[in-house]
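Each remark here refers to the structure printed beneath this line.
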Amino acid sequence: MDKYDIIIRPLVTEQGMHLANTRNAYSFEVHPKSNKIQIRSAVEQLYNVKVLEVRTANIKGKPRRRGRFIGLTRHWKKAVVVLHKDNRIDLF
114 MDKYDIIIRP LVTEQGMHLA NTRNAYSFEV HPKSNKIQIR SAVEQLYNVK
164 VLEVRTANIK GKPRRRGRFI GLTRHWKKAV VVLHKDNRID LF
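All residue numbers in the sequence shown are consecutive under this note's numbering, ending with 205.
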């Protein structure tokens, strides 16, 4: 997998911005089959930073209704990347 295939998008949420400001941790949506080593190297290469820790979580889709039909939102994988104290990622 290419580094551009591993990192799908940064997650810009209130909780994510709070983690970025307090703990220097950034959230990303990543490819479901990527592992922590691949995520670490992709973030280091794309953003030119030093990664200390990677935490991942598989998020299950939520049930949603549209009229009488019931479906699911898609499943996806989330990664929280903790950076070295001297590094920052400018998401805006």
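Glycine included, every Cβ here is placed at the ideal spot set by N, Cα and C. Computed from a predicted structure; not experimentally measured.
Please name the residue or residues paired with N171 in a DSSP beta bridge. According to the DSSP secondary-structure assignment, N171 is paired through a beta bridge with K190.
Output the distance between the C-alpha atoms of E142 and A192, rounded to the nearest integer angstrom. The straight-line gap from Cα to Cα measures roughly 6 Å.
Who are E157's beta bridge partners in DSSP? DSSP output for E157 lists no bridge partner at all.
Relative to the C-alpha of H144, which candidate in L204, H197, D199 and K190 has its C-alpha closest? Closest by alpha carbon: K190.
Determine the DSSP secondary structure at G129, reduced to helix, strand or coil. In the three-state reduction of the DSSP assignment, G129 falls in the helix class, which pools H, G and I.
When DSSP labels each residue in this structure, what does I120 get in the three-state scheme? Per DSSP, reduced to three states, the secondary structure at I120 is strand.
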